[in-house]
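Input: a single structure, listed below in structure tokens.
Protein chains: 2
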Amino acid sequence: MNSIKIFAPATVANVSCGFDALGFAINTIGDEMVLTKTTEKGVKISKIEGAELTFDSNKNAASVVVKAMLDKVNADFGIDMQLFKKVKPGSGLGSSASSAAGAAFATNELLGKPFTKLELTEFARLGEKIACGSPIADNVAAAIYGGFILVKSYEPLEIVKLPVPNELWVAVIHPQIEVKTEDARNVLKPNISIADAVKQSANLAGLISGLYTNDYQLISRSLVDVIAEPHRKKLIPLFDKVKQTGLQNGALGIGISGSGPTIFGLCKGEKSANNVANAMKNVYQNSTIDFNIYISKVNTEGVKII
Amino acid sequence: MNSIKIFAPATVANVSCGFDALGFAINTIGDEMVLTKTTEKGVKISKIEGAELTFDSNKNAASVVVKAMLDKVNADFGIDMQLFKKVKPGSGLGSSASSAAGAAFATNELLGKPFTKLELTEFARLGEKIACGSPIADNVAAAIYGGFILVKSYEPLEIVKLPVPNELWVAVIHPQIEVKTEDARNVLKPNISIADAVKQSANLAGLISGLYTNDYQLISRSLVDVIAEPHRKKLIPLFDKVKQTGLQNGALGIGISGSGPTIFGLCKGEKSANNVANAMKNVYQNSTIDFNIYISKVNTEGVKII
Numbered sequence: 061m062n063s064i065k066i067f068a069p070a071t072v073a074n075v076s077c078g079f080d081a082l083g084f085a086i087n088t089i090g091d092e093m094v095l096t097k098t099t100e101k102g103v104k105i106s107k108i109e110g111a112e113l114t115f116d117s118n119k120n121a122a123s124v125v126v127k128a129m130l131d132k133v134n135a136d137f138g139i140d141m142q143l144f145k146k147v148k149p150g151s152g153l154g155s156s157a158s159s160a161a162g163a164a165f166a167t168n169e170l171l172g173k174p175f176t177k178l179e180l181t182e183f184a185r186l187g188e189k190i191a192c193g194s195p196i197a198d199n200v201a202a203a204i205y206g207g208f209i210l211v212k213s214y215e216p217l218e219i220v221k222l223p224v225p226n227e228l229w230v231a232v233i234h235p236q237i238e239v240k241t242e243d244a245r246n247v248l249k250p251n252i253s254i255a256d257a258v259k260q261s262a263n264l265a266g267l268i269s270g271l272y273t274n275d276y277q278l279i280s281r282s283l284v285d286v287i288a289e290p291h292r293k294k295l296i297p298l299f300d301k302v303k304q305t306g307l308q309n310g311a312l313g314i315g316i317s318g319s320g321p322t323i324f325g326l327c328k329g330e331k332s333a334n335n336v337a338n339a340m341k342n343v344y345q346n347s348t349i350d351f352n353i354y355i356s357k358v359n360t361e362g363v364k365i366i
Numbered sequence: 061m062n063s064i065k066i067f068a069p070a071t072v073a074n075v076s077c078g079f080d081a082l083g084f085a086i087n088t089i090g091d092e093m094v095l096t097k098t099t100e101k102g103v104k105i106s107k108i109e110g111a112e113l114t115f116d117s118n119k120n121a122a123s124v125v126v127k128a129m130l131d132k133v134n135a136d137f138g139i140d141m142q143l144f145k146k147v148k149p150g151s152g153l154g155s156s157a158s159s160a161a162g163a164a165f166a167t168n169e170l171l172g173k174p175f176t177k178l179e180l181t182e183f184a185r186l187g188e189k190i191a192c193g194s195p196i197a198d199n200v201a202a203a204i205y206g207g208f209i210l211v212k213s214y215e216p217l218e219i220v221k222l223p224v225p226n227e228l229w230v231a232v233i234h235p236q237i238e239v240k241t242e243d244a245r246n247v248l249k250p251n252i253s254i255a256d257a258v259k260q261s262a263n264l265a266g267l268i269s270g271l272y273t274n275d276y277q278l279i280s281r282s283l284v285d286v287i288a289e290p291h292r293k294k295l296i297p298l299f300d301k302v303k304q305t306g307l308q309n310g311a312l313g314i315g316i317s318g319s320g321p322t323i324f325g326l327c328k329g330e331k332s333a334n335n336v337a338n339a340m341k342n343v344y345q346n347s348t349i350d351f352n353i354y355i356s357k358v359n360t361e362g363v364k365i366i
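In order, the protein sequence lines correspond to chains A and B.
The first sequence begins at 61 in the numbering used here and counts up by one.
The second sequence begins at 61 in the numbering used here and counts up by one.
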């Protein structure tokens, strides 16, 4: 294989009750990338479309991953990379993770698949570190594994792939405002009460149980965030209104995707996802804020060759 | 039915990663109770064996439950209660919960089963409030439902019954020292870092996943407590030594049962539970501290008629 074209899904991290531990992948939005072997060693970014990102291969979230992998196996070839960004940077949909995960997957294919998914996740975290300052794993793991994933631990890194009930759909709306990851971090308090920690933990446990038993109502009752949402929602105009109307229109739960500003609504079935998307859309249509909106089945396969 | 004799299992709450949210029931130790209808209304405690507890039916963890249930349905009979305590008060094995859960179950049978398990749990919490000052649900729910239970939320009370892998056994050792629930509470800090909350939460999520998939190694890696154990273990002499030897001898995990001083070891299979029990026993045999020790399959049926 000399060249590969891949689709790397956008991802929703945190998922209300799973702060810094849970993520899932989306079918209908994701970066596309073409990676081609070159005789010249090293990594070259020859094209970036859809976002203004650096061509410096030491500073781009995708190319640092490719470079680390080529170095690791002492590859006798280099890679040319073309990046078609569909996941907007700063959207809260795992934009850098999509590119980093896609780069890890594609490079592994060109190398003859020497690495496991867990190892690819480790490599992709290097891209997150470049992009966000921190090698977080929830988005990249969701993009690589597909479906719902749990970051069980960081030392050592352990990813648990969770089942996805067949009718689980998602509506996501991305209001075109900027929420800096740094601001989203700073708005959180460093400590929380044990009581709140127990609540969050029990909701995550309830969600996991609901995923294993296809219990949509249990999933719904578990999609509660007492850690991040109460603080971060202030950074997202009209969040409360979107949440209220989303729930009134049948969403299982509405929450902030990653550190925002994208808002996700988990739904049972395509029809419900459409209803919820329309309801959320109406809120921003009656404002001055532009937005993008998507509905999708929860992606279960992760990065794939296209 | 005029009279009923029941077995109400002892329970392990918290289970390392499930602080204030998780519990499971034990087969080989539990209170026995005989409840008999009387023409005279109200509740009378005619016998208590095995512990020095009050015969005042307004202050006993079992009789307050019976009384509340009889009052609720405006019963035209009373109940005489005999209590054979096998679960020692202050052991950390849910002694009051065993009596309260047994009382709820037995009274429901004598009334013709008007109440659901969730309602019985609500009634049994009244006993916990009398005994511990707080209407906690983890022990009583585990005793009533059997198996592993998750207290998903308190308002409203929601209990999720979790699956129990078939080879899951437990070794419990009760060193004969007193740990007051109040001290066990006071030793905890009221706030924890978000980082620790995420770790605890991810471990609970891992444990839940392991229970659904019969993944004993995932269960093992998830039995980690960063909230309570680091503080409470100081109240239990030789805890570190017991934990170390238990793990060395094959336990999936070792932790504090409830607020202690009982230490539990979850194990895969009876033979492993025996090995772990022997190893833990040796630690206290070489000390001046008396102890009781039990091994058991994890109980899956809860309170039962005997």
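Backbone N, C-alpha and C fix where the C-beta goes; we use that ideal spot for every residue, glycine too.
Residue i lies in the alpha helix (DSSP H); which residues open and close that run?
i               : result
D256 of chain B : 254 to 273
T96 of chain B  : Here T96 of chain B belongs to no alpha helix (DSSP H); instead the beta strand (DSSP E) covers 82 to 98.
S158 of chain A : 155 to 170
A128 of chain A : 123 to 132
G187 of chain B : 177 to 192
P290 of chain B : 289 to 292
F79 of chain B  : No alpha helix (DSSP H) holds F79 of chain B; DSSP gives it neither H nor E.
G306 of chain B : 299 to 308
S280 of chain A : 276 to 282
V200 of chain B : 198 to 205
Run the CB neighbour count on residue i, radius 10 Å, all protein chains shown included, and call it buried at 16 or more, exposed below.
i               : result
P235 of chain B : buried
S194 of chain A : exposed
T99 of chain B  : exposed
T348 of chain B : exposed
Q260 of chain A : buried
P69 of chain B  : buried
D285 of chain B : buried
A255 of chain A : exposed
K145 of chain A : buried
E215 of chain B : exposed
I66 of chain A  : buried
D243 of chain B : exposed
K293 of chain A : buried
G78 of chain B  : buried
E238 of chain A : exposed
S158 of chain A : buried
Which two residues bound the contiguous beta strand (DSSP E) that contains residue i?
i               : result
N338 of chain A : Looking at the DSSP string, N338 of chain A is not in any beta strand (DSSP E); the run it does join, the alpha helix (DSSP H), is 330 to 345.
T71 of chain B  : 63 to 73
K220 of chain B : Looking at the sequence itself, residue 220 of chain B is Val, so the reference to Lys does not match. From DSSP, the beta strand (DSSP E) with V220 of chain B extends over 217 to 222.
S317 of chain A : No beta strand (DSSP E) contains S317 of chain A, which DSSP labels as neither H nor E.
I355 of chain A : 351 to 359
K104 of chain A : 102 to 109
V211 of chain B : 208 to 214
D140 of chain B : 138 to 144
I233 of chain B : 228 to 235
Mind reading off the beta-carbon distance from residue i to residue j? Whole number of angstroms is fine, and I expect it under 8 angstroms.
i               : j               : result
L222 of chain B : L210 of chain B : 6 angstroms
I233 of chain A : I323 of chain A : 5 angstroms
I105 of chain A : N120 of chain A : 6 angstroms
A203 of chain A : G320 of chain A : That pair is no contact at about 19 angstroms.
G207 of chain A : V358 of chain A : 7 angstroms
M61 of chain A  : A163 of chain A : Rounded, the Cβ-Cβ distance is 16 angstroms, inconsistent with contact.
S151 of chain B : V230 of chain B : About 14 angstroms separates the two Cβ atoms, so there is no contact after all.
V343 of chain B : L312 of chain B : With a Cβ gap of about 19 angstroms, V343 of chain B and L312 of chain B do not count as contacting.
E188 of chain A : S156 of chain A : 6 angstroms
L267 of chain B : I252 of chain B : Not confirmed; about 19 angstroms, so no contact.
L217 of chain A : V124 of chain A : Incorrect: roughly 18 angstroms between the Cβ atoms, too far for contact.
G318 of chain B : N199 of chain B : 7 angstroms
Taking 9 angstroms as the CB-CB cut-off, is residue i touching chain C?
i               : result
L278 of chain A : The structure shown has no chain C; the protein chains it does contain are A and B.
Give, in chain order, every residue of the stretch 203 to 223 of chain B whose Cβ lies closer than 8 angstroms to some Cβ of chain A. L210, V211, K212, S213, E218, V220, L222
Going along the stretch 243 to 254 of chain B in order, which residues come within less than 8 angstroms of chain A, judged by CB to CB distance? L248, K249, P250, N251, I252, S253, I254
Mind checking the stretch 255 to 270 of chain A against chain B and listing, in chain order, the residues whose C-beta falls within less than 9 angstroms of any C-beta there? A255, D256, A257, V258, K259, Q260, S261, A262, N263, L264, A265, G266, L267, I268, S269, G270
Beta carbons nearer than 7 angstroms to chain B: which residues of the stretch 76 to 92 of chain A have them? F79, D80, A81
Against chain A, which members of the stretch 287 to 305 of chain B pass a CB distance test of less than 7 angstroms? I287
Identify each residue in the stretch 170 to 185 of chain A for which the Cβ-Cβ distance to at least one residue of chain B is less than 8 angstroms, and report them in chain order. none
Give me the subset of the stretch 341 to 352 of chain A whose CB atoms are less than 8 angstroms from a CB atom of chain B, sorted by chain position. none
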